[in-house]
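**Q**
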Amino acid sequence: MTRENPLWEGVYEDLRRRIEQGVATPDAPSALRPGATVPTEAELCEEHDVSRPVVRQALGRLQQDGLISRGQGRRGRRVRDPRPIAWHLHEFERRGRRDTRTSDDWAAGITEQGRVPRQTVKVSVEAAGTDVASCLEIEPGTMVVHRARIRYVDDVPYQLSHSYFPEDLARDTLLMEQRDVAVPGGILRHIGHPQVSVRDTILIRMPTPAEVTELNIATGVPVGEHRRTGYGEDGTPVRHMITVFAADRHYLVYDLDLT
Numbered sequence: 099m100t101r102e103n104p105l106w107e108g109v110y111e112d113l114r115r116r117i118e119q120g121v122a123t124p125d126a127p128s129a130l131r132p133g134a135t136v137p138t139e140a141e142l143c144e145e146h147d148v149s150r151p152v153v154r155q156a157l158g159r160l161q162q163d164g165l166i167s168r169g170q171g172r173r174g175r176r177v178r179d180p181r182p183i184a185w186h187l188h189e190f191e192r193r194g195r196r197d198t199r200t201s202d203d204w205a206a207g208i209t210e211q212g213r214v215p216r217q218t219v220k221v222s223v224e225a226a227g228t229d230v231a232s233c234l235e236i237e238p239g240t241m242v243v244h245r246a247r248i249r250y251v252d253d254v255p256y257q258l259s260h261s262y263f264p265e266d267l268a269r270d271t272l273l274m275e276q277r278d279v280a281v282p283g284g285i286l287r288h289i290g291h292p293q294v295s296v297r298d299t300i301l302i303r304m305p306t307p308a309e310v311t312e313l314n315i316a317t318g319v320p321v322g323e324h325r326r327t328g329y330g331e332d333g334t335p336v337r338h339m340i341t342v343f344a345a346d347r348h349y350l351v352y353d354l355d356l357t
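Residue numbers (the working numbering): 99 to 357.
Here is the structure:
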């Protein structure tokens, strides 16, 4: 005897088909395009004549597959955009930066790809931990300015970025402002401490529970951790940045001159 498929699989397969159709044939009547709102639990219950637990199981599976966002309560789930962004790390913050007075170099790179960038910023002054202190070549416990950002692409959280600056360098500058700040050439150059070289390290790992929540990461998806230390004209570190990004939403690009 053949076992019948569980009820949730019917809901799941229908929604998955509509999501895939939204990428391949976005104008199809039933298609769910990237960014579209997923039908509510109540709507799906009525459409498929099933109970709410059945619908929630189907939605949970789509979430695990990375096809929809978590949402809040019964509403708010959206179809994810399957296109990863290209992060050109050899261009990011280069000497010919793309900053304007309304967007920084990162946001300019996202806009160039036809996507919509947004950032939230929280600034604090705190004692440097051992790791940050080592990268900035200061004593642990020395005060640093910490600019914590959540970077969004098309209103989906893509990156968590934490920049640390020696407090005596950042004091009374734009780096202390509780907002997304951008100036041509970059803030550090603007305040007289330009970065002239950087050192990158990249780690791939599994996310922490907090990162899963903040980045709305699907089950089983790893994160990348990009660390960049920037050095001033005298070779002294002026900033240490740690960026955590969902691995399924990025690909990293480096063009290196080997001559």
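Just so you know, even glycine gets a beta-carbon here, dropped at the ideal spot from N, CA and C.
With a 10 Å radius around its C-beta and 16 neighbouring C-beta atoms as the bar for buried, classify Glu331 as buried or exposed.
**A** exposed
**Q** In angstroms, rounded to a whole number, what distance separates the CA positions of Ala225 and Val219?
**A** 19 Å
**Q** Less than 8 Å between C-beta atoms, sequence neighbours within five positions excluded: which residues of the same chain meet that for Arg178?
**A** Pro132, Gly164, Leu165, Ile166, Ser167 and Val254
**Q** Going by DSSP, what residues sit across from Met241 in a beta bridge?
**A** Paired residues: Ala225.
**Q** Quick check on Tyr349: buried or exposed, where buried means 16 or more other Cβ atoms within 10 Å of its Cβ?
**A** exposed
**Q** So, do the stretch 235-246 and the stretch 191-211 have three or more beta carbon pairs nearer to each other than 8 Å?
**A** no
**Q** Helix, strand or coil: how does DSSP classify Ala316 here?
**A** coil
**Q** Check Glu323 in the structure and name its three-state DSSP category.
**A** strand
**Q** With three or more beta-carbon pairs closer than 8 Å as the criterion, would you say the stretch 342-357 touches the stretch 304-324?
**A** With the rule of 3 Cβ pairs closer than 8 Å, the stretch 342-357 counts as touching the stretch 304-324.
**Q** Using the three-state DSSP reduction, which class does Pro307 fall into: helix, strand or coil?
**A** Taken through DSSP and simplified to helix, strand or coil, Pro307 comes out as helix.
**Q** From the DSSP output, in three-state form, read off Tyr110 for me.
**A** helix
**Q** Sort out for me which residues DSSP pairs Met339 with in a bridge.
**A** Ser261 and Arg326
**Q** Looking at C-alpha atoms only, which residue of Tyr256, Arg192, Glu107 and Leu273 is the closest neighbour of Tyr329?
**A** Arg192
**Q** Could you tell me the distance, in whole angstroms, from the CA atom of Leu234 to the CA atom of Asn314?
**A** 31 Å
**Q** Taking 8 Å as the threshold, find out whether the stretch 106-116 comes into contact with the stretch 146-155 through three or more Cβ pairs.
**A** When Cβ pairs closer than 8 Å are counted between the two stretches, the stretch 106-116 is seen to touch the stretch 146-155, the count reaching three or more.
**Q** Can you tell me where the beta strand (DSSP E) holding Ala184 begins and where it ends?
**A** Looking at the DSSP string, the run of the beta strand (DSSP E) that includes Ala184 is Ile183 to His186.
**Q** How would you label Ala126, buried or exposed, when you count the other beta carbons within 10 angstroms and need 16 or more for buried?
**A** exposed
**Q** Measuring only the C-alpha atoms, how far is Ser232 from Ile183?
**A** 31 Å
**Q** Assuming Leu160 and Leu113 are in contact, meaning their beta carbons sit under 8 Å apart, how far apart are those beta carbons, in whole angstroms?
**A** 6 Å
**Q** Check Pro104 in the structure and name its three-state DSSP category.
**A** When DSSP states are grouped into helix, strand and coil, Pro104 belongs to the coil group.
**Q** When the Cβ atoms of the stretch 297-314 are set against those of the stretch 270-279, are three or more pairs found closer than 8 Å?
**A** no
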